[in-house]
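Peer 1: Residue numbers (this note's numbering): 1 to 488. Every residue, glycine too, gets a C-beta built ideally from N, C-alpha and C. Take a look at this one; I'll ask things after.
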Ligand code: XIL
């Protein structure tokens, strides 16, 4: 018999009125005393993702960071409006919840839970046993086998116990295998042997009998040696009567590289009788991202959605963040970025439209920045960037062009790429203040080493000489890092 837990959440705290969803971000920020200035969510001619997902009985989730929920009402507003499921990005990890032995801190985790519950979001707890973001008192504690087992049990008991009944799925153990399918040499594996997984699953079942118990890892999206290791382990766990309910495929993907065997892999886990979810989806792009790369990314998101939705046991797709602005990708993969559904200025990207469409919506997020989903529309009159184009000096076979681009977003650009089409056969001959290239009628100007940083509200001016054979119509549309600019 286990003693009653101390420090549990006691009586349920959350029976206050649920704010209407669109206002939830503001309500939450207000609760925490943050400045409340909630711009309208981006205009969408169609319902947000979660409404479509609800209709299908599907979950579309996002990893949410407690600090941004508290400090950035635009972030909180989108998180509430678009997603019917949520995963704490860092708040429930060991280093956050038990930074010193038996000293628990649930500040961020509680804040996350409050938000998710106020917005009626299904919660994936993340994560109980993991080699990363593990405090050094565990990693370097030189515990004996029995000591480490009781350290692990206490941790699971307190963390999963605190939220018992409130968490739909727990990522009980995270990233336990290496790429070749061998066991990762974590302190848990080293000290407890492979049984630490079964132990952790059983301990979580005891701490929260209602939560589903999952394993989770990256690079197990397709059929490969590492996903084979999970397949074999889960088959064995089931045979031994160990509780196991699902496998999370993180899907931290590279643009253009969705594994061809994704659906087959999902299917084989479902055939074991467990559930599957895409738990940490992002699709990273070499920066700066061009329009065509953003369109490739949209196709990748669509393939992942389709693969999951094609298999009965695949219940959810969770993206690893709300906007590109706070993604973990640029901090982790040098030169890579723009992996999510909303850009740095919270505008929906082509990938948003793709996910929207996969959920049975019209794909009417935008992708062209105007919110109505029609990619053929003229550029918006205001947008994340403004372009002033002029043919400064014209002669019979050529001209000098000058373009000033203003960053209308509210964050600084760190690298940019401007794209436009010449309508009447013009051809760049040389240019300055940017790296110029032209393919057919499409011109790309990318920042040079010294002018990649453009502060919010700042401008950059570039120029070129071009030839033409008579006609010299001005380009009509410009994109900056894939976002349509207004043209003056
Ligand atoms: C990442 C977070 O996004 C970052 O904020 C943090 O600094 C490091 O961890 N696999 C996982 C996630 O299971 O928990 C990781 O999240 C990304 C890789």
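1. In this structure, does DSSP put residue 349 in helix, strand or coil?
2. Note down, in chain order, each residue of its chain lying with its Cβ closer than 7 Å to the Cβ of residue 483, except the 5 sequence neighbours on either side.
3. What does a CB cutoff of less than 6 Å around residue 75 pick up in its chain, not counting 5 residues either side in sequence?
4. Going by C-alpha distance, which of 442, 197, 118 is nearest residue 234?
5. Which residue comes first and which comes last in the alpha helix (DSSP H) that contains residue 284?
6. Would you mind giving the Cβ-Cβ distance between residue 295 and residue 350, rounded to the nearest angstrom? I have them listed as a contact below 8 Å.
7. Might you give, ordered along the chain, the residues of its own chain that have their beta carbon closer than 6 Å to the beta carbon of residue 451, omitting 5 neighbours on each side?
8. Alpha carbon to alpha carbon, what distance is there between residue 159 and residue 115?
9. If residue 273 sits next to residue 229, beta carbons under 8 Å apart, how far is it from one beta carbon to the other, in whole angstroms?
10. May I ask whether a heavy atom of ligand 1 can be found less than 8 Å away from the beta carbon of residue 55?
11. Should residue 145 and residue 187 be called a contact, given that it needs their Cβ atoms to be closer than 9 Å?
12. Ignore the nearest five residues each way along the sequence and tell me which others in residue 111's own chain have a CB closer than 8 Å to its CB.
13. Where does residue 468 sit, in a helix, a strand or coil, going by DSSP?
14. Hey, could you find the ends of the beta strand (DSSP E) residue 248 is sitting in?
15. Terminal residues of the continuous alpha helix (DSSP H) containing residue 330?
16. Determine the DSSP secondary structure at residue 341, reduced to helix, strand or coil.
17. What does a CB cutoff of less than 7 Å around residue 95 pick up in its chain, not counting 5 residues either side in sequence?
18. Taking only three categories from DSSP, how would you classify residue 108?
19. Can you give me the Cβ contacts of residue 427 inside the same chain, cut-off strictly under 8 Å, excluding the 5 residues immediately before and after it?
20. Round the Cβ separation of residue 354 and residue 284 to the nearest angstrom and send it over; I've been treating them as touching at under 8 Å.
21. From 444, 313, 286, pick the residue whose C-alpha is nearest to that of residue 490; which is it?
22. State yes or no: is the C-beta of residue 419 nearer than 8 Å to some heavy atom of ligand 1?
23. Which residue spans inside the stretch 296–321 form an unbroken beta strand (DSSP E) run of at least 3?
24. Given the structure, does residue 139 come close to ligand 1, in the sense that its CB is under 8 Å from one of the ligand's heavy atoms?
25. For residue 325, name the three-state secondary structure that DSSP assigns.
26. Under the criterion of a Cβ to heavy atom distance below 8 Å, does residue 127 qualify as lining ligand 1?
27. Would you report the Cα separation of residue 192 and residue 316, rounded to the nearest angstrom?
28. Please classify residue 240 as buried or exposed, where buried requires at least 16 neighbouring CB atoms within 10 angstroms.
29. Can you find the residues in the same chain that come closer than 6 Å, C-beta to C-beta, to residue 476, ignoring five residues on each side of it along the sequence?
30. Examine ligand 2 and report whether any of its heavy atoms sits within less than 8 Å of the Cβ of residue 252.
31. Identify every residue that forms a DSSP beta bridge with residue 486.
32. Can you give the Cα-Cα distance for residue 120 and residue 84, rounded to whole angstroms?
33. So what does DSSP say about residue 226, is it helix, strand or coil?
34. Under 9 Å, do residue 338 and residue 481 count as touching if we go by C-beta distance?
35. Please go through the same chain and pick out, in chain order, the residues whose beta-carbon is closer than 7 Å to the beta-carbon of residue 286, but skip the five residues on each side of it.
36. Which of the three DSSP states is assigned to residue 133 in this structure?
Peer 2: Taking the definition as stated:
1. coil
2. 343, 347, 369, 383, 384, 385
3. 68, 322
4. Of the listed residues, the one whose Cα sits closest to residue 234 is 197.
5. Residue 284 -> not in any alpha helix (DSSP H); beta strand (DSSP E) instead, spanning 275–286.
6. Contact holds; Cβ gap of about 5 Å.
7. 460
8. 18 Å
9. No, residue 273 and residue 229 are not in contact; Cβ-Cβ is about 19 Å, not under 8 Å.
10. no
11. no
12. 32, 66, 69, 70, 91
13. Coil.
14. 246–249
15. 329–332
16. coil
17. 133, 134, 135
18. In this structure, residue 108 counts as helix in the three-state DSSP scheme.
19. 438, 466, 467, 468
20. Not confirmed; about 16 Å, so no contact.
21. There is simply no residue 490 to check, as the chain begins at 1 and stops at 488 in what is shown.
22. no
23. 314–319
24. no
25. helix
26. Because some heavy atom of ligand 1 lies under 8 Å away, the Cβ of residue 127 counts as near it: yes.
27. Rounded to whole angstroms, residue 192 to residue 316 spans 32 Å at the Cα level.
28. exposed
29. none
30. In the structure on display, ligand 2 does not appear, and the ligands it does have are ligand 1.
31. Partner(s): 386.
32. 7 Å
33. Helix.
34. yes
35. 335, 336
36. coil
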